[in-house]
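These notes are about the structure you will find just below.
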Amino acid sequence: MEDQQAFPLPTRRTILRNLGAAGIVGIAAGHTHLAEASSPEKTSSRFFPLLRQPDTATAFAEELSPISLDRSGSSWTGRDISLVCGQKETSLELTLTAPTTPMVRLHLRWNSPVPADVKLLADAWERSYGDMGWMPIVPERALPWYFLIFDGKTTHGYGVKTGAGALAFWQCDREGVSLWLDVRNGGKGVLLGQRQIALATVVARLGHADESPFAAAQAFCRILSPTPRLSKEPVYGSNDWYYAYGDSSAQDILRDADLVAELAPASGPRPFVVTDEGWEHSPKFPSMPGLAAEIVRKGVRPGIWVRPLRARGEKDASLLLPASRFKDHSTDLAYDPTIPEARRKTLETIRLAAEWKYELVKHDFSTYDLLGQWGNDMGASPTVHGWSFHDRSQTNAEIIRDLYEDIRKVAGDQTILVGCNVVGHLSAGIFELQRTGDDVSGKAWERTRRMGVNTLAFRLPQHTTFFAMDPDCIPITEAIPWTLTERWLDAVAAAGASVVISPRAGTMGAPQKEAVRRAFAIAAKAGTGATPIDWLNSRTPEEWTQPKGAGSASARYEWLEAGGASPFPA
């Protein structure tokens, strides 16, 4: 099995050459345009120039043996493989042709000494799972899409732009940086034929000593995602999942609509009421178009959850993805979107939601259904070896992004799309909102602390740069102490993320209503600009700051329950 083997790499250099010109201790000529400030004292000498030809480039095909590529100018070739690293003023454009070789991955290596005392922050493949944070160098660690490096004074950024044609991750060690480009189709090599594929656009940003790590991260995200698609107004409201967990009814949704209508500001954007999983094939939801119309009559905007790739009850096995893509051979049936009829059925759920006049569609499970793994299980291999899509001519990244674009097209420009379990680096510019973290909980606070607070802090730089951020709901249930829930509500609202409550009937007393009313008022104005302060040293930051007049104001949230954090899975 491919994923159970260690890929042989080119021999590592024992002596690093050109340390002055290409090392982390000096900035190569021709790349100083990356700095936004020209004063030497405001920049760091620990920035290394990545927008040059790599020192080595290696290809991997289905037989697993490495194929060393030889360089001639900006072209790297071997067999029928041609990788072009086109140097532009502010980027490195990577393209690939391989007419007959079933390509699996490419490995690009830049040699340059990296100090031992730096901290790194990377992105996640899809949602985060309470695992984001600034960490020391771990050479074998896969860093999806981009990473930031903080040297104690300055924060630099390295990554690939959104919309890539490959699933890209980085590695960083004391001797340099690697970029891996996964170009598989399913778990097999892609068959490109005569196609040339745009793999990725590599960019870098030189930080400044007078900016915070958060400001540097946010600025770099703007470079990575230059054209986000954002809704005209902030999105806030309710969702039934964390009090119902699929056992809901139209009457519950209408109760939620009355509640959010009562608590929303009298003017400004209207709130949403989202019907989450559980409505399909349920007698408790006799008419979904009728429910949407009733919600609108209450002065609230209707939203709905769908799982478009799910093929529940599908009799034609030829339309389905192979079960072998799951490590545990899951029986979940999902359509293969590279088959025209299967794609039509996939998009039908989106078309119906728009036809029923739902103004927001939250689509879920697409990464799991397509690749067979959750993001926290992917590591260096987003899917397992040995299976493929019906059409093998596209990479996984291309298939995923094409599906997202078709979802956008079918939903129409008037519909707000929320991606859950989607690849954010491929959805940026297509969907207005992104669920950035794994599920919180209406039953156990520890899960909300780990998943919710972590994603709010560490993916906040992507808010309004990639998409609007949905860090998941604020469950209001009797199982969670209100003091903790109120802190979570306040932090989400202040950060400007989407504020979506999930209130169990009977839990909304006067204190709860007043807190939600206050949070909705803040959310309707896109937050107060709160950002984490202590995120360099904590995965669940407690210290936050926000602009106030000519200065700033700080807040401290105590996230732990009495007795501390649980050491067990949440």
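Numbered per the working numbering, the sequence shown spans residues 6 to 575. Ideal Cβ positions, reconstructed from N, Cα and C, are used throughout, including at glycine. Predicted model, so just to flag it, every value in this text is computed and none were measured.
ask   = Among Leu69, Val279, Trp361, Ala500, which has the Cα closest to the Cα of Ala529?
value = The residue labelled residue 529 in the question sits at position 524 within the sequence shown. Among Leu69, Val279, Trp361, Ala500, the Cα nearest to that of Ala529 is on Ala500.
Using the rule of at least 16 other Cβ atoms within 10 Å of the residue's Cβ for burial, across every protein chain shown, is Gly429 buried or exposed? On the sequence shown, position 424 is the one that residue 429 refers to. With 16 or more other Cβ atoms within 10 Å, it is buried.
With DSSP collapsed to three states, give me the class of Cys177. Here residue 177 is taken as the residue at index 172 of the sequence shown, counted from 1. Cys177 falls in the strand class under three-state DSSP.
query = Quick one, which of Leu99, Pro313, Leu184 has its alpha-carbon nearest Ala347's?
reply = Translated into positions along the sequence shown, residue 347 becomes position 342. Checked all of Leu99, Pro313, Leu184; the closest Cα to Ala347 is Pro313.
Taking the straight line between their C-alpha atoms, what separation do you get for Val188 and His468? Taking the sequence shown and counting its residues from 1, one reaches residue 188 at position 183. Taking the sequence shown and counting its residues from 1, one reaches residue 468 at position 463. Going from the Cα of Val188 to the Cα of His468 covers about 28 angstroms.
message: Let me confirm a value: Thr280 is counted as buried when at least 16 other C-beta atoms fall within 10 Å, else exposed. Which label applies?
response: Counting from one through the sequence shown, the residue named residue 280 turns up at place 275. Looking at its Cβ environment, which holds 16 or more other Cβ atoms inside 10 Å, Thr280 is buried.
(message) Quick check on Gln256: does DSSP put it in helix, strand or coil?
(response) Against the sequence shown, residue 256 aligns to sequence position 251. Residue state for Gln256 is assigned as helix, using DSSP reduced to three classes.
- prompt: Pick from Val301, Thr351, Ala271, Pro291: whose alpha carbon is nearest that of Phe277?
  reply: Within the sequence shown, the letter at position 272 stands for residue 277. Selection Val301, Thr351, Ala271, Pro291 evaluated against Phe277 yields Val301 as nearest (Cα-Cα).
Measuring CA to CA, which of Ser287, Arg440, Lys193, Pro537 is closest to Trp130? Reading the sequence shown from its first residue, position 125 is the one you call residue 130. The residue from Ser287, Arg440, Lys193, Pro537 with its alpha-carbon nearest to that of Trp130 is Arg440.
Using beta-carbon positions only, say whether Ile412 and Leu352 come within less than 8 angstroms of one another. Residue 412 sits at position 407 when you count from the first residue of the sequence shown. Residue 352 sits at position 347 when you count from the first residue of the sequence shown. Contact flag set, yes.
What residue ranges within the region 51 to 124 form continuous beta strand (DSSP E) runs of no fewer than 3 residues, ordered along the chain?
-> DSSP runs (the beta strand (DSSP E)) wholly in the region 51 to 124: 61 to 66, 71 to 73, 75 to 77, 80 to 83, 86 to 92, 97 to 102, 108 to 116.
TODO: With His430 as the anchor, note down where its alpha helix (DSSP H) starts and where it stops.
DONE: Locating residue 430 in the sequence shown gives position 425, counting from the first residue. Under the DSSP assignment, His430 falls in the alpha helix (DSSP H) whose first and last residues are 429 to 432.
- Query: Going by alpha carbons, who is nearest to Gly568 out of Glu451, Gly514, Gly424, Pro218?
  - Reply: As a first step, residue 568 must be located in the sequence shown, where it is residue number 563. When each option's Cα is compared against that of Gly568, the closest is Glu451.
Taking a contact to mean a Cβ-Cβ separation below 8 angstroms, would you say Val423 touches Lys362 in this structure? Translated into positions along the sequence shown, residue 423 becomes position 418. Translated into positions along the sequence shown, residue 362 becomes position 357. At least 8 angstroms separates the beta-carbon of Val423 from that of Lys362.
Return helix, strand or coil for Ile435, following the three-state DSSP convention. Position 430 of the sequence shown, counted from the start, is the residue given in the question as residue 435. Ile435 carries a coil assignment under DSSP once its states are collapsed to helix, strand and coil.
Count the other CB atoms, across all protein chains shown, that sit within 10 Å of the CB of Val208; report buried if there are 16 or more and exposed otherwise. As a first step, residue 208 is located in the sequence shown; it is residue number 203 there, counting from the start. By the neighbour-count rule (16 or more Cβ atoms within 10 Å), Val208 is buried.
Burial state of Glu364, where buried means 16 or more other Cβ atoms lie within 10 Å
As a first step, residue 364 is located in the sequence shown; it is residue number 359 there, counting from the start. Taking all protein chains in view, the Cβ of Glu364 is crowded by 16 or more other Cβ atoms within 10 Å, so the residue is classified as buried.
**Study point:** Separation of Pro239 from Gly91, as counted between CA atoms
**Key:** Translated into the one-based positions of the sequence shown, residue 91 becomes position 86. Translated into the one-based positions of the sequence shown, residue 239 becomes position 234. Cα to Cα, the separation comes out at about 39 angstroms.
- Task: Assign Thr232 to buried or exposed, taking buried as 16 or more other Cβ atoms, counted over all protein chains shown, within 10 Å of its Cβ.
- Result: The residue given as residue 232 occupies position 227 in the sequence shown. Counting the other Cβ atoms within 10 Å of the Cβ of Thr232 gives fewer than 16, which makes it exposed.
Curious, which full-length beta strand (DSSP E) runs of at least 3 residues does the region 292 to 348 contain? You should have 306 to 311.
Checklist entry - Hey, would you say Lys549 sits closer than 8 angstroms to Ala496, going by beta carbons? => result Position 544 of the sequence shown, counted from the start, is the residue given in the question as residue 549. Position 491 of the sequence shown, counted from the start, is the residue given in the question as residue 496. Residue identity check: residue 549 is Trp in the sequence provided, not Lys. Note that the C-beta distance between Trp549 and Ala496 is below 8 angstroms.
If the criterion is Cβ atoms closer than 8 angstroms, does the pair Leu264 and Glu299 meet it? Translated into positions along the sequence shown, residue 264 becomes position 259. Translated into positions along the sequence shown, residue 299 becomes position 294. Contact flag unset, no.
- Reference Pro311, options Thr206, Cys425, Leu97, Ala173, closest by Cα: Residue 311 sits at position 306 when you count from the first residue of the sequence shown. The sequence given here places Val at residue 311; Pro does not occur at that position. It is Cys425 whose Cα lies nearest to the Cα of Val311.
request  = Please go through the region 493 to 550 and give each complete alpha helix (DSSP H) segment of 4 or more residues, from N-terminal end onward.
outcome  = You should have 515 to 528.
query = In the structure shown, what three-state DSSP assignment does Ser559 receive?
reply = Along the sequence shown, one-based indexing puts residue 559 at 554. Correct three-state label for Ser559: strand.
### Task
Could you pull out every residue in the same chain whose Cβ sits closer than 7 angstroms to the Cβ of Trp115, ignoring the five residues on either side in sequence?
Taking the sequence shown and counting its residues from 1, the one referred to as residue 115 is at position 110. Once the five neighbours on either side are set aside, the close Cβ partners of Trp115 are Leu55, Pro59, Asp60, Gly181, Val182.
Query raised in the report: Which full runs of the beta strand (DSSP E) of 3+ residues lie inside the region 202 to 255, going along the chain?
Result: Within the region 202 to 255, the complete beta strand (DSSP E) runs of at least 3 residues are 241 to 244.
**Report entry** Backbone CA spacing between Ala121 and Pro537 [nearest angstrom]
**Finding:** Here residue 121 is taken as the residue at index 116 of the sequence shown, counted from 1. Here residue 537 is taken as the residue at index 532 of the sequence shown, counted from 1. Taking the CA atoms as reference points, Ala121 sits about 25 angstroms from Pro537.
- Do His390 and Gly192 have their C-beta atoms within less than 8 angstroms of each other? On the sequence shown, residue 390 is found 385 positions in, with the first residue counted as 1. On the sequence shown, residue 192 is found 187 positions in, with the first residue counted as 1. It is a contact, given that the beta carbons lie within the stated cut-off.
Quiz item: For Trp605, which residues from the same chain have a beta carbon less than 6 angstroms from its beta carbon, with the 5 sequence-adjacent residues on both sides left out?
Solution: Residue numbering for the chain in the displayed model covers 6 to 575; residue 605 lies beyond these limits and cannot be assessed.
Original post:
Is the closest heavy atom of the ligand ADP to the C-beta of Phe394 under 7 angstroms?
Top reply: Because no ligand of any kind appears in the structure shown, any question about the ligand ADP cannot be addressed here.
Taking its Cβ as the centre, do 16 or more other Cβ atoms sit within 10 Å of Leu69, making it buried, or is it exposed? Taking the first residue of the sequence shown as 1, we reach residue 69 at position 64. The Cβ neighbour count for Leu69, taken over all protein chains shown within 10 Å, is under 16; the residue is labelled exposed.
Original post:
With C-beta atoms as the reference, is Ala316 less than 8 angstroms away from Ala339?
Top reply: For the purposes of this step, residue 316 is taken as residue 311 along the sequence shown, with counting starting at 1. For the purposes of this step, residue 339 is taken as residue 334 along the sequence shown, with counting starting at 1. Taking a C-beta distance under 8 angstroms as the contact criterion, Ala316 and Ala339 qualify as a contact pair.
Do the CB positions of Arg591 and Gly380 come within less than 8 angstroms of each other?
Examination of residue 591 is not possible in this model, given that the chain is present from 6 through 575 alone.
Quiz prompt | Phe573 versus Ile485: straight-line alpha-carbon distance, rounded | solution = In the sequence shown, counting from the first residue as 1, residue 573 sits at position 568. In the sequence shown, counting from the first residue as 1, residue 485 sits at position 480. Their Cα atoms are separated by approximately 18 angstroms.
- Inspect the beta-carbon positions of Leu204 and Gly170 and report whether they are closer than 8 angstroms. Taking the sequence shown and counting its residues from 1, one reaches residue 204 at position 199. Taking the sequence shown and counting its residues from 1, one reaches residue 170 at position 165. Between Leu204 and Gly170, the C-beta gap is smaller than 8 angstroms, which places the two residues in contact.
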